[in-house]
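Residue numbers (the numbering used here): 318 to 593.
Beta carbons are placed, not taken as given, at the ideal position from N, Cα and C, and that holds for glycine.
Worksheet: the structure to be examined is printed underneath.
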Amino acid sequence: MEQMPTSVLDAPSWALRARQALAVVVVELRKILGGKRMVTICLLASLPVIVVFLIAIEAPGPSRVTAQRYFGNIYSVVVLGATVFFGCALVFTHLFRGEILRRSLHFYLLAPLRREVLTVAKYVAGLLAVYALFGGVTVLVYPVFMVIADAVSGTGGPEIVEMLRYLGTTILGCTAYGAVFLLFGTLFRNPILPVAGLLGWEALNFLLPSGIRVASVSHHLKALLPVPGPIEQTFGGLAQPPTAATAVLSLLVLSAVAVALACYRVRRMEIRYTDD
Numbered sequence: 318m319e320q321m322p323t324s325v326l327d328a329p330s331w332a333l334r335a336r337q338a339l340a341v342v343v344v345e346l347r348k349i350l351g352g353k354r355m356v357t358i359c360l361l362a363s364l365p366v367i368v369v370f371l372i373a374i375e376a377p378g379p380s381r382v383t384a385q386r387y388f389g390n391i392y393s394v395v396v397l398g399a400t401v402f403f404g405c406a407l408v409f410t411h412l413f414r415g416e417i418l419r420r421s422l423h424f425y426l427l428a429p430l431r432r433e434v435l436t437v438a439k440y441v442a443g444l445l446a447v448y449a450l451f452g453g454v455t456v457l458v459y460p461v462f463m464v465i466a467d468a469v470s471g472t473g474g475p476e477i478v479e480m481l482r483y484l485g486t487t488i489l490g491c492t493a494y495g496a497v498f499l500l501f502g503t504l505f506r507n508p509i510l511p512v513a514g515l516l517g518w519e520a521l522n523f524l525l526p527s528g529i530r531v532a533s534v535s536h537h538l539k540a541l542l543p544v545p546g547p548i549e550q551t552f553g554g555l556a557q558p559p560t561a562a563t564a565v566l567s568l569l570v571l572s573a574v575a576v577a578l579a580c581y582r583v584r585r586m587e588i589r590y591t592d593d
């Protein structure tokens with residue numbers, strides 16, 4: 318019998334890998350949306366809604382500029398600083414650590430599935446979940462705040478543009494934080510301490526020298542905001558933001574590098590459940 322050429326045997330089947338990745342995404346979405354952590358994630362997602370209602374009710378009828386400044390502070394502190402950061406930490410650090418704790422990761426690793434495909438598919442599933450949840454919250458809270466505060470200008474054009482900018486910032490924040498936390502979940506047995514360290518780094522980053530400050534997700538995210546946050550308003554001279562194009566490119570490069578490192582780590586991962 319004539320032997321099949323080696324090039325045919327070794328040729329990657331991209332259609333097969335795409336089907337495998339889609340299957341993993343579906344399974345992972347079910348795990349994320351049906352897991353116990355989803356209750357905490359939903360509570361985090363509801364936090365901006367609660368804060369927006371309370372502040373809008375307490376400060377009725379401000380000018381449009383004042384209302385924009387109020388919402389900019391809410392978004393910077395509550396949405397980015399709490400909801401997106403901790404929500405992504407809960408979702409993405411658990412993608413691999415959760416499998417190890419449930420002693421189920423070996424089912425994936427024993428399957429005829431490239432580990433890079435598995436890692437990227439898990440990351441995509443996490444992104445779809447947080448995009449829908451946190452992106453939806455961003456789209457909801459901005460117009461609600463402007464309407465309750467009675468600060469809508471009538472045409473609606475400026476409000477829509479600003480809402481889309483906030484939505485884009487949320488999506489980029491989920492993309493970058495998700496990639497970093499995915500990497501944490503593959504590197505550390507207990508990601509709590511690395512997450513706490515990153516939180517401190519992000520919170521105090523504006524005090525660092527400009528050459529070090531660029532290694533921060535929040536530094537680039539806040540450069541995209543329509544209205545500066547409270548720290549930027551107070552310490553604007555200490556934290557000169559990058560341009561919007563630089564910020565977007567930096568966040569995408571950071572995300573790609575973090576996911577690539579996670580793929581490298583998972584490819585060399587060995588499961589020893591007795592160590593956990």
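Quiz item: Whole-angstrom Cβ separation of Gly-275 and Leu-412, contact assumed at under 8 Å?
Solution: Not covered by the structure: residue 275. The range shown for the chain is 318 to 593.
Exercise. Determine the direct distance from the alpha carbon of Lys-439 to that of Gly-352, and round the result to whole angstroms.
Key: 15 Å
Quiz item: Do the region 443-454 and the region 355-370 meet, that is, are 3 or more Cβ pairs less than 8 Å apart?
Solution: yes
Practice problem: Confirm, please, whether the CB-CB distance from Arg-414 to Pro-508 is below 8 Å. | Solution: yes
Quiz item: Three-state secondary structure (DSSP) at Thr-560?
Solution: coil
Quiz item: In angstroms, rounded to a whole number, what distance separates the CA positions of Val-382 and Val-534?
Solution: 27 Å
Quiz prompt | Close-in-space but distant-in-sequence residues of the same chain around Ala-332 (CB under 6 Å, 5 per side omitted) | solution = none
Practice problem: Can you tell me which of the three DSSP states Ser-527 falls into? | Solution: helix
Exercise. Throw me the rounded Cβ distance for the Val-565 and Gly-389 pair, which I believe falls under 8 Å.
Key: The pair is not a contact, with the Cβ atoms about 19 Å apart (cut-off 8 Å).
Quiz item: Where are the alpha helix (DSSP H) runs, 4 residues long or more, that stay fully inside the region 421-476, in chain order?
Solution: 422-427, 432-447, 453-465
Quiz item: Does DSSP classify Asn-522 as helix, strand or coil?
Solution: helix
Quiz item: Thinking C-beta only, is Leu-541 closer than 8 Å to Ala-561?
Solution: yes
Exercise. Measure the C-alpha to C-alpha separation of Ala-338 and Leu-578 and round it to an integer number of angstroms.
Key: 19 Å
Quiz item: Start and end of the alpha helix (DSSP H) containing Tyr-387?
Solution: 381-391
Quiz item: Within this structure, are the beta carbons of Tyr-459 and Tyr-494 separated by less than 8 Å?
Solution: no
Quiz item: Using the C-alpha atoms, what's the distance from Val-401 back to Glu-519?
Solution: 13 Å
Quiz item: By a C-beta neighbour count over all protein chains shown, 10 Å radius and 16 as the cutoff for buried, is Ile-417 buried or exposed?
Solution: buried
Quiz item: When we look at the beta-carbon of His-423 and count the other beta-carbons within 10 Å, is it buried (16 or more) or exposed?
Solution: exposed
Practice problem: Using alpha carbons as the reference points, say which of Ala-532, Ala-335, Ile-372 lies closest to Val-497. | Solution: Ala-532
Self-check item: Residue burial classification, Ile-367 (beta-carbon count within 10 angstroms, cutoff 16)
Solution: exposed
Practice problem: Starting from Glu-416, follow the alpha helix (DSSP H) in both directions and report where the run begins and ends. | Solution: 411-418
Self-check item: Alpha-carbon to alpha-carbon, Leu-427 and Leu-435
Solution: 12 Å
Self-check item: Residue range of the unbroken alpha helix (DSSP H) whose run includes Ala-596
Solution: It is not possible to answer for residue 596, since the shown part of the chain is limited to 318 through 593.
Self-check item: Alpha-carbon to alpha-carbon, Thr-357 and Leu-346
Solution: 16 Å
Quiz prompt | Pair within 8 Å by beta-carbon distance, Ile-477 and Ile-374 | solution = no
Exercise. Please name the residue in Val-343, Ile-488, Ile-529 whose C-alpha comes closest to that of Ser-572.
Key: Ile-488
Quiz item: Exposed or buried, Glu-587, counting other C-beta atoms within 10 Å across all chains shown (16 or more means buried)?
Solution: exposed
Quiz item: Tell me which same chain residues have a C-beta within less than 8 Å of the C-beta of Leu-516, skipping the five on either side of it?
Solution: Phe-402
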